[in-house]
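Visitor: Numbering (this note's numbering), first residue to last: 1343 to 1668. From the three backbone atoms N, C-alpha and C, an ideal C-beta is built for every residue, glycine too. Remember, predicted model here, so these are calculated numbers, not experimental data.
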Ligand code: UDP
Ligand code: MG
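Below, the structure written as structure tokens:
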């Protein structure tokens, strides 16, 4: 039987913590009762340097349900993405499968069962996807849509309308742990792991209590991380712009020469306009070229795993293991 860990990052969630703990414990009991997960499955709360009573409440819950509710306390606030990473990496050695969910229970816990079913069906990653975004404000909805478009343009693979509500098998988390970058954008990394994945669909609800811990500036920072940690397309755009401007400079050159010979110009204009366009183009081209090298450095520095071996058939599996066992 597989042991499930539900990982919950919490930042100033004193209003929601008890409800979250109760709801998630009920989900676990239900799944255990149905024989889908093992009896020692647990909820892991990660306190992301909260300034309110969140950690005290986690300790209290752990006191009441020592094997059902576990906690990790980070020494300071590192942000949702890293707090979730800390939780996943801690859970990795304690369980067989993880589900990450926000403390505010905006994501529908009822689909966790469906996620587990897909996991038993052979999926290593199951994404929770929102059907509609009608509980979000108009502003959040449109900015999110623009963001997904932009990501697509930049060639970054993400799952549309998926936040960080997702199931990951232990081996998927282990593979993820090889991505050592600090500017983490989890929704971009997971599709890179390459394991078999699927989606479950649900309606996103209002927060059960408290208010959003993602103000506009944090949202912009996350969006910027999403693009700048995955794509060097912006650099290529500069290079492309340089090429275009140089081409224009030739056209401008022809125009300037024609004007010059037809005598409609102030002295000095022709050479001036030509050098402005041509030099502008050359500068952009040069910056773009240097950028290409920086882009390469950036990719090397990330040191991401270059591939993920899922299975090997060498024909020596039996002999190999029997040698060890004899
Ligand atoms: N969170 C966190 N660290 C932060 C900000 C948020 O761990 O610095 C957690 C928060 O407690 C919640 C989840 O991340 O469990 C998502 O935050 P929130 O619900 O406020 O975001 P929204 O749903 O408004 O996008
Ligand atoms: Mg929320």
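Work out the CA separation of residue 1446 and residue 1358 for me, nearest whole Å.
Guide: Looking at the two C-alpha atoms, the distance is approximately 6 Å.
Visitor: Should residue 1478 be listed as close to ligand 2, given that the test is whether its C-beta is under 6 Å from any heavy atom?
Guide: Not so, every heavy atom of ligand 2 lies at least 6 Å from the Cβ.
Visitor: Can you tell me which of the three DSSP states residue 1356 falls into?
Guide: Reduced to three states, the DSSP call for residue 1356 is helix.
Visitor: What does the Cβ neighbour count give for residue 1517, buried or exposed, with the cut at 16 atoms within 10 Å?
Guide: Counting Cβ neighbours within 10 Å, residue 1517 comes out buried, since at least 16 surround it.
Visitor: Just to confirm, are residue 1503 and residue 1451 a CB contact at a threshold of 7 Å?
Guide: No, the Cβ-Cβ distance between residue 1503 and residue 1451 is not below 7 Å.
Visitor: Take residue 1575 and list the residues in its own chain whose beta-carbon comes closer than 7 Å to its own, dropping the five residues that flank it on each side.
Guide: Around residue 1575: 1496, 1497.
Visitor: Can you give the Cα-Cα distance for residue 1383 and residue 1440, rounded to whole angstroms?
Guide: Distance between the alpha carbons of residue 1383 and residue 1440 is about 10 Å.
Visitor: For residue 1384, write down the residues that DSSP places opposite it in a beta bridge.
Guide: For residue 1384, which the question treats as bridged, DSSP gives the partners 1347.
Visitor: Looking only at C-alpha atoms, which of 1353, 1380, 1368, 1348 sits nearest to residue 1553?
Guide: The shortest Cα separation from residue 1553 among 1353, 1380, 1368, 1348 belongs to 1353.
Visitor: Three or more C-beta pairs closer than 8 Å, one from the stretch 1541-1555 and one from the stretch 1463-1483: is that the case here?
Guide: With a cut-off of 8 Å, the stretch 1463-1483 and the stretch 1541-1555 count as touching, because enough Cβ pairs lie within range.
Visitor: Scan the stretch 1437-1508 and note each continuous alpha helix (DSSP H) run of 4 residues or more that stays entirely inside, going in chain order.
Guide: Qualifying alpha helix (DSSP H) stretches, in chain order: 1454-1462, 1480-1495.
Visitor: Would a C-beta distance cut-off of 7 Å place residue 1460 and residue 1468 closer than the cut-off?
Guide: Yes, these two residues count as a Cβ contact at 7 Å.
Visitor: What is the residue span of the beta strand (DSSP E) that residue 1413 lies within?
Guide: Element bounds for residue 1413: 1411-1415.
Visitor: Check whether the stretch 1513-1529 touches the stretch 1635-1651, taking contact to mean three or more Cβ pairs, one atom from each stretch, closer than 8 Å.
Guide: Counting Cβ pairs under 8 Å, three or more are found: they touch.
Visitor: Which partner residues does residue 1510 have in the DSSP bridge list?
Guide: DSSP, once it has assigned bridges, lists 1440, 1467 as partnering residue 1510.
Visitor: Could you check whether the Cβ of residue 1474 sits closer than 6 Å to any heavy atom belonging to ligand 1?
Guide: Because no heavy atom of ligand 1 lies under 6 Å away, the Cβ of residue 1474 does not count as near it: no.
Visitor: Taking only heavy atoms of ligand 2 into account, decide whether any of them is closer than 6 Å to the Cβ of residue 1448.
Guide: True, at least one ligand heavy atom lies under 6 Å from that Cβ.
Visitor: Look at the alpha carbon of residue 1398 and the alpha carbon of residue 1413, and state the distance between them as a whole number of angstroms.
Guide: About 10 Å.
Visitor: Is the CB-CB distance between residue 1525 and residue 1571 below 7 Å?
Guide: Against a cut-off of 7 Å, the Cβ pair of residue 1571 and residue 1525 comes out as a contact.
Visitor: Can you tell me whether residue 1363 is helix, strand or coil according to DSSP?
Guide: DSSP places residue 1363 in helix when its eight states are reduced to three.
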